[in-house]
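When you line the sequence shown up against this note's numbering, it's residues 20 to 405, in that order.
Backbone N, C-alpha and C define an ideal beta-carbon position, used for all residues, glycine too.
Since the structure is predicted, the reported quantities are computational estimates derived from the model, not experimental observations.
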Amino acid sequence: MTKIKLFYKHKPAYNNLETDDLEISSIWQFNKMTSIHNILDTCGLDYEWTDKEEEGIVFLDFGSRNIKDLEPFIEKYGNIYKKCVVFSSQEPLFVQDKDYDILEKYPNVIISDNMIPIYDNTHERHCSIHYFASRHVNNELNEITIYPWQNFEKKDRRYRFNNLKSRWTPDKFLMQYLLEQNNLIKNNLVTYRPPANLTEDNIRKVKEMLRKGEDLSFLDYLKECKESQIENDKLEIVGIDGRRTPVVRYHPPEVYNECYFSLISENVNSADFVWLSDKTLYPILNGHPFIVFGNHGLHIELEAIGFRLFENIFNYDFDTEYLPLVRAEDIINQCKEFNRKEYVSMHKEILEISLHNRKNFANTNSRLWQVVRKQVERLIEKYNDL
């Protein structure tokens, strides 16, 4: 592949958005900066900067915005540039495949985010890339604390599992509610943050996810469940003079050393796409056994990009279940039936999987990085073909 040329409007490594539009870029990028060159660095793809639009690829770095909210800007920049890539390396832009309609309106625009299509109905100009994987091994983007060794022979851990939920979404309440209903909060490392404002829309979404019909028996718990966090579990986003600094993510050691496994509450945000964020990838980076409540097909995607599942501990067949409640209930049942003695007896197999997953992250020739490089190369090819 020939050297990639990245267009810059202001100066290299800065966002190509117009000055008046910089405030709509996500806090993850601190307005002025872009992240695309960091992604290429991590993938080992060579590039150079150019201020000539006809020579370089025009990347427009957006953040936490629904694709419909971005449409005025897509229209604007689609008219400014002959062609361009609207992307976010941090947040989802598409959440349902019917949003592909926007690409039909703007044939000179490519949209790229972390959302991986579950089905074979992806749009040719939606370029899905596992950006989060690249962010997590690049300290210019994400600064994280890793605990290199887990002692899987340790028999006297304080908790069966951890389940960390740093912000409120309906799916995180669903998990909290089921944990409470099954007496799995006490004696496990569980965090929860209630909604800042309990709206009718929040209640409706929870009711739909719980498939309660007109039954509002969950409502008292939704109203009364208090915040519960653990000390020194932090996510820091610190901007200096409008310039980006890394997102700092830190879990205290007991999250891994005192828990047999991680019950991960990923964002359940789509029926059409798989979404892998730091919630899923951080425990894997630490080599911790895991089971994830996320979009259906999530574990299948993890295997597709080279990670191994802990099938000696868990049955992941629920992954193909369409309904979130069915997946969540299956996970809860497995958490209830978890056997500590069997876990310890399998410590050699668990360590082998743990080390494999770490290697898949760290080795630049692993399946993960082969996939990510191909995803980026596909985006470049699509841009050149426009």
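On the criterion of 16 or more Cβ atoms from any shown chain inside 10 Å, does residue i qualify as buried, or is it exposed?
{"i": "residue 31", "result": "exposed"}
{"i": "residue 109", "result": "buried"}
{"i": "residue 223", "result": "exposed"}
{"i": "residue 321", "result": "buried"}
{"i": "residue 346", "result": "buried"}
{"i": "residue 295", "result": "buried"}
{"i": "residue 115", "result": "exposed"}
{"i": "residue 126", "result": "exposed"}
{"i": "residue 118", "result": "buried"}
{"i": "residue 235", "result": "exposed"}
{"i": "residue 286", "result": "buried"}
{"i": "residue 12", "result": "Here the chain covers residues 20 to 405 and nothing more, so residue 12 does not appear."}
{"i": "residue 301", "result": "buried"}
{"i": "residue 260", "result": "Bear in mind that the predicted position of residue 260 carries a pLDDT of just 48, short of 50, making it unreliable; the figure below should be weighed with that in mind. Result: exposed."}
{"i": "residue 27", "result": "buried"}
{"i": "residue 21", "result": "exposed"}
{"i": "residue 335", "result": "buried"}
Which of the three DSSP states is assigned to residue i in this structure?
{"i": "residue 41", "result": "helix"}
{"i": "residue 260", "result": "Any reading at residue 260 needs caution, since the residue's pLDDT is 48, under 50, leaving its predicted position unreliable; the model's value is listed next. In this structure, residue 260 counts as coil in the three-state DSSP scheme."}
{"i": "residue 320", "result": "helix"}
{"i": "residue 194", "result": "helix"}
{"i": "residue 379", "result": "helix"}
{"i": "residue 287", "result": "coil"}
{"i": "residue 104", "result": "strand"}
{"i": "residue 222", "result": "helix"}
{"i": "residue 292", "result": "strand"}
{"i": "residue 172", "result": "coil"}
{"i": "residue 187", "result": "coil"}
{"i": "residue 165", "result": "coil"}
{"i": "residue 385", "result": "coil"}
{"i": "residue 145", "result": "strand"}
{"i": "residue 34", "result": "coil"}
{"i": "residue 61", "result": "helix"}
{"i": "residue 134", "result": "coil"}
{"i": "residue 52", "result": "strand"}
{"i": "residue 339", "result": "helix"}
{"i": "residue 231", "result": "coil"}
{"i": "residue 244", "result": "coil"}
{"i": "residue 211", "result": "strand"}
{"i": "residue 330", "result": "coil"}
{"i": "residue 299", "result": "helix"}
{"i": "residue 151", "result": "helix"}
Can you name, in chain order, every residue of its own chain whose Cβ lies under 8 Å from the Cβ of residue i, other than the five neighbours on each side?
{"i": "residue 395", "result": "58, 59, 62, 64, 148"}
{"i": "residue 397", "result": "146"}
{"i": "residue 402", "result": "76, 102, 104, 129"}
{"i": "residue 217", "result": "241, 242"}
Going by beta carbon distance, what residues of the same chain come within less than 6 Å of residue i, once the five residues before and after it are set aside?
{"i": "residue 178", "result": "207, 208, 277, 278"}
{"i": "residue 331", "result": "365, 368"}
{"i": "residue 96", "result": "79, 103"}
{"i": "residue 221", "result": "214"}
Determine, using beta carbons only, whether residue i and residue j come nearer to each other than 9 Å.
{"i": "residue 183", "j": "residue 210", "result": "yes"}
{"i": "residue 292", "j": "residue 194", "result": "no"}
{"i": "residue 299", "j": "residue 317", "result": "yes"}
{"i": "residue 90", "j": "residue 23", "result": "no"}
{"i": "residue 349", "j": "residue 361", "result": "no"}
{"i": "residue 112", "j": "residue 266", "result": "no"}
{"i": "residue 351", "j": "residue 198", "result": "yes"}
{"i": "residue 226", "j": "residue 237", "result": "yes"}
{"i": "residue 94", "j": "residue 124", "result": "yes"}
{"i": "residue 186", "j": "residue 154", "result": "no"}
{"i": "residue 274", "j": "residue 170", "result": "no"}
{"i": "residue 122", "j": "residue 69", "result": "no"}
{"i": "residue 359", "j": "residue 174", "result": "yes"}
{"i": "residue 399", "j": "residue 308", "result": "no"}
For residue i, I'd like the list of residues in its chain whose CB is within less than 7 Å of its CB, leaving aside the five on either flank, ordered along the chain.
{"i": "residue 319", "result": "338"}
{"i": "residue 407", "result": "Because the chain is modelled from 20 through 405, residue 407 falls outside the range shown and cannot be assessed."}
{"i": "residue 376", "result": "303, 306, 326, 327"}
{"i": "residue 391", "result": "62, 148, 149, 152, 153"}
{"i": "residue 240", "result": "196, 199"}
{"i": "residue 249", "result": "208, 210, 271"}
Please name the residue in the options whose C-alpha comes closest to that of residue i.
{"i": "residue 342", "options": "190, 127, 214", "result": "190"}
{"i": "residue 150", "options": "95, 26, 94, 380", "result": "380"}
{"i": "residue 313", "options": "288, 323, 301", "result": "288"}
{"i": "residue 404", "options": "185, 239, 212, 144", "result": "144"}
{"i": "residue 188", "options": "284, 400, 84, 374", "result": "284"}
{"i": "residue 84", "options": "132, 21, 204, 219", "result": "132"}
{"i": "residue 166", "options": "384, 386, 272", "result": "272"}
{"i": "residue 120", "options": "142, 393, 335, 36", "result": "142"}
{"i": "residue 324", "options": "387, 371, 393", "result": "387"}
{"i": "residue 202", "options": "355, 373, 393", "result": "355"}
Relative to the ligand ADP, is the shortest distance from any of its heavy atoms to the C-beta of residue i smaller than 8 Å?
{"i": "residue 72", "result": "The model on display carries no ligand, and the ligand ADP is accordingly not part of it."}
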